[in-house]
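> First residue of the sequence shown? That's 73 in our numbering, and the numbers climb one at a time after it.
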Amino acid sequence: MTFVDDEFGEIVVRKNALSKAVRFSVGANGILRISAPKWVSDKSILRALDASRAEIGLRLGIAKESEMTKRKRADKIDLLRGKAKRFLPVRLRELAKLGGFTYEKVRFSHSSSRWGSCSNNGTISLNIALMKLPPALIDYVLIHELAHTRQMNHSADFWQEVEKYDRNYKKHRKMLKLHSPNV
73 MTFVDDEFGE
83 IVVRKNALSK
93 AVRFSVGANG
103 ILRISAPKWV
113 SDKSILRALD
123 ASRAEIGLRL
133 GIAKESEMTK
143 RKRADKIDLL
153 RGKAKRFLPV
163 RLRELAKLGG
173 FTYEKVRFSH
183 SSSRWGSCSN
193 NGTISLNIAL
203 MKLPPALIDY
213 VLIHELAHTR
223 QMNHSADFWQ
233 EVEKYDRNYK
243 KHRKMLKLHS
253 PNV
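Structure below.
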């Protein structure tokens, strides 16, 4: 059964033969749910609702705040993704041209552990969180991934390749460790 309450909006009631008491919960969508034993009357459920309004209001407030926090986080990621899609491919193309690098395509992620990666087939993946970094560190990551198009390892030859295009790569590498790719 579903009904609308003036204070709480839509409420979903489920009766269950295994339930032993009337229980209130808030769904991930913020809708109040009531679970009750099959033998409890609708009138008794409404009385229990009225008796628990203060507690339920508190729970709903917390649930709605939690939903708002999730939405803000999603909005932040959307913003970063938009900035990343506008800026990073252009900058990657500029740096690739400077060094004569070639790559197949660019894709975006928001991994919590990597700033970027380069696959064997030349796809460069870039974390949208790069947009939180200073320009020199963004360039370091892009150069790092471009160098992987020539050296698919972290050998001495790889680091020499990186150094050709970023003389301060050791400093940038240390600075990057002070940041987290987690959005």
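Note that the Cβ used here is the ideal one computed from N, Cα and C, for glycine as well. Every value quoted in this text rests on a predicted model; they were computed, and no experiment measured them.
Measuring alpha carbon to alpha carbon, tell me which residue in M224, L132 and K87 is nearest A100.
With distances taken between Cα atoms, A100 lies closest to L132.
> According to DSSP, what are the bridge partners of N199?
Looking at the DSSP assignment, N199 forms a beta bridge with S181.
> Cβ of I200 within 8 angstroms of Cβ of R153?
Yes.
> Cα separation between L209 and G102?
Their backbone Cα atoms lie some 41 angstroms apart in a straight line.
> Near A89, what residues of its chain come up, given a Cβ to Cβ distance below 7 angstroms and the 5 sequence neighbours on each side ignored?
Result list for A89: K110, in chain order.
> So what's F159 in DSSP terms, helix, strand or just coil?
In this structure, F159 counts as helix in the three-state DSSP scheme.
> Drop a sphere of 10 angstroms on the beta-carbon of T221, count the other beta-carbons inside from all chains shown, and report buried for 16 or more, exposed for fewer.
Classification for T221: buried.
> Would DSSP call F75 helix, strand or coil?
DSSP places F75 in strand when its eight states are reduced to three.
> Is E217 helix, strand or coil when you go by DSSP?
Helix, per DSSP.
> Please confirm whether V112 and L104 have their CB atoms less than 8 angstroms apart.
Not closer than 8 angstroms, so no.
> Look up G194 in the DSSP assignment and say whether it is helix, strand or coil.
Coil, per DSSP.
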